[in-house]
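S.K.: To convert a position in the sequence shown, counted from 1, into this note's numbering, add 2.
Here a beta-carbon is modelled for each residue, glycine too, at the ideal position from N, C-alpha and C.
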Amino acid sequence: MKKSKSPYFFIAPAVALLLVFSIIPIFIAVTISFTDMSLAGLADFSRINFVGFDNYLTIFNDKVFAQAMFNTAYYVIIGVPLVIISSLALAIMINFGENKFFSFMRLVFYSPSITNTVAVSVVWMYLYNPTIGLLNHLLSYLHVGPIMWLTDPSTSKISLIIIAVWKAIGLNMLIFLAAIQGIPKEYYEAAEIDGANKWQQILKITVPLLKFSIFFVTVTTLIGWFQFFDEPFVMTKGGPLDSTLSVALFIYQRGFQYNKFGYAAAGSVILFIAIIIVTSIQMKIQTKQKENEG
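1) Please report how far the alpha carbon of Leu137 lies from the alpha carbon of Leu162, in whole angstroms.
2) With the cut-off set at 7 angstroms, would you say Val219 and Asn261 are in Cβ contact?
3) Please identify the residue among Phe67, Val82, Ser8 whose C-alpha is closest to the C-alpha of Ile225.
4) Can you tell me the Cα-Cα spacing of Val271 and Gln259, whole angstroms?
5) List the whole-angstrom C-beta distance separating Tyr112 from Leu176, where the pair is believed to meet the contact cut-off of C-beta under 8 angstroms.
6) Relative to the C-alpha of Ile28, which residue among Phe106, Ile278, Lys286, Ile287 is closest?
7) Hey, how far is the Cα of Leu179 from the Cα of Lys200?
8) Evaluate contact between the segment 7 to 15 and the segment 242 to 250, counting only Cβ atoms and requiring at least three cross-stretch pairs below 8 angstroms.
9) Out of curiosity, what's the CA-to-CA distance linking Met237 and Ile195?
10) Excluding five sequence neighbours on each side, which residues of the same chain lie with their C-beta closer than 7 angstroms to the C-beta of Met107?
11) Using C-beta distances below 7 angstroms, list every residue in its chain close to Ala276, excluding the 5 sequence neighbours before and after it, in chain order.
12) Under 7 angstroms between the Cβ atoms of Ala268 and Tyr58?
13) Nearest to Lys206 by alpha carbon, out of Leu129, Val66, Tyr189, Val221?
14) Going by other Cβ atoms of all chains shown within 10 Å of its Cβ, with 16 needed for buried, is Lys290 buried or exposed?
15) What residue from Asn294, Ala250, Lys286 has the CA that sits closest to Ala68's CA?
16) Let me check one thing: in DSSP terms, what residues is Phe52 bridge-paired to?
17) Can you give the Cα-Cα distance for Gly154 and Pro148, rounded to whole angstroms?
18) So, is Ile54 buried or exposed, given that buried needs 16 or more other C-beta atoms within 10 angstroms?
19) Spatial neighbours of Val85 within its chain, please: CB distance less than 7 angstroms, with the 5 preceding and 5 following residues excluded, ordered by chain position.
20) Can you tell me whether Gln183 is helix, strand or coil according to DSSP?
21) If you count every other CB in all the chains shown that lies within 10 Å of the CB of Ile94, and 16 or more means buried, which is it?
22) List the endpoints of the continuous alpha helix (DSSP H) containing His139.
23) With 16 other CB atoms within 10 Å as the buried threshold, where does Gly257 fall?
24) Mind checking Leu92: buried by the 16 CB within 10 Å criterion, or exposed?
25) Short check: CB of Phe263 to CB of Ile34, under 7 angstroms?
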């Protein structure tokens, strides 16, 4: 009996942390979303009123929230494939590189992922500066620009995506690199004997054997981009004209700037449901692929 119970003691700390910091807050957020909770309500619970589905009805008719949903979908559709393709390509390049330069590049590409987002954003704001920025200065030699990177609604979202992709590549690159190095070398040796070149080895051996890693990176990257917050918060505050406003930033503004915690909680519940739906679709696709392979 004692032996059968021992695994539960090992997972108990992780389960406790999950309950305290994830499961319970979700139920609290759902409860708050049916109220008109504000700072006054935090000080005196008697001032919190139950409003039913009013917050949800209002938020679905909110043009700013609709814009935030569109922006977030744009970030996900453009950003997620760029991160996955770029990080996978870099991992393959570094793994098959045969000199110390590629080992150094591993550090170069990983460094942005451990650098403070605020510091990164400040540097990129100077790079994007329309008058003294390095990017416009370089483009001037090609007789292009100046481009209003962060102040033009047509370019602001792409500008933030460039920063976020550059920052996110490093961690995913290491995940892919670890998975690639776990592939038995015998597969490559056999393929080389059969006359397969490096490109054919990558397409026929490396990529197929990275299916689980690609699935894992896709799910985690999707969740991260649905919660896209740091770059628009630090660099644009959601502007210009709400063109860079993400759902996560919308929730923050409504809750902590406009003092509408119930309204913000409704937005967070909608975002949570969207993430669950997308993740479930990914899980079903992965399950079907395994069944077809089986």
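M.R.: Considering the structure as presented:
1) Looking at the two C-alpha atoms, the distance is approximately 14 angstroms.
2) For Val219 and Asn261, no; Cβs fall outside 7 angstroms.
3) Comparing C-alpha distances from Ile225 to each of Phe67, Val82, Ser8 shows the shortest one belongs to Val82.
4) Looking at the two C-alpha atoms, the distance is approximately 19 angstroms.
5) About 6 angstroms separates the beta carbons of Tyr112 and Leu176, which is inside the 8 angstroms limit, making them a contact pair.
6) Selected option, being the one with the closest Cα: Ile278.
7) Taking the CA atoms as reference points, Leu179 sits about 16 angstroms from Lys200.
8) No, they do not touch.
9) Taking the straight line joining both Cα atoms gives about 53 angstroms.
10) Non-local beta-carbon contacts of Met107 in its own chain, meaning distances under 7 angstroms to residues more than five positions away in sequence, involve Ile96 in chain order.
11) Once the five neighbours on either side are set aside, the close Cβ partners of Ala276 are Phe228.
12) Going by beta carbons, Ala268 and Tyr58 fall inside the 7 angstroms limit.
13) The shortest Cα separation from Lys206 among Leu129, Val66, Tyr189, Val221 belongs to Tyr189.
14) By the 10 Å Cβ count, Lys290 comes out exposed.
15) Residue Ala250 holds the alpha-carbon nearest to the alpha-carbon of Ala68 among Asn294, Ala250, Lys286.
16) Under DSSP, Phe52 forms a beta bridge with Thr37.
17) Rather than Gly, the amino acid found at residue 154 in this sequence is Asp. Distance between the alpha carbons of Asp154 and Pro148: 11 angstroms.
18) Reading off the sequence, residue 54 comes out as Gly, not Ile. Exposed: under 16 other Cβ atoms inside 10 Å.
19) Residues Val167, Ala170, Ile171, Asn174, Thr223 of the same chain have their beta carbon placed closer than 7 angstroms to that of Val85, with the five preceding and five following residues left out of the count.
20) Three-state result, Gln183: helix.
21) Per the 10 Å Cβ criterion, buried.
22) Per DSSP, His139 belongs to the alpha helix (DSSP H) from 136 to 142.
23) Buried is the call here.
24) Classification of Leu92: buried, given that the 10 Å Cβ count is 16 or more.
25) Yes, the pair counts as a contact, with Cβ atoms nearer than the cut-off.
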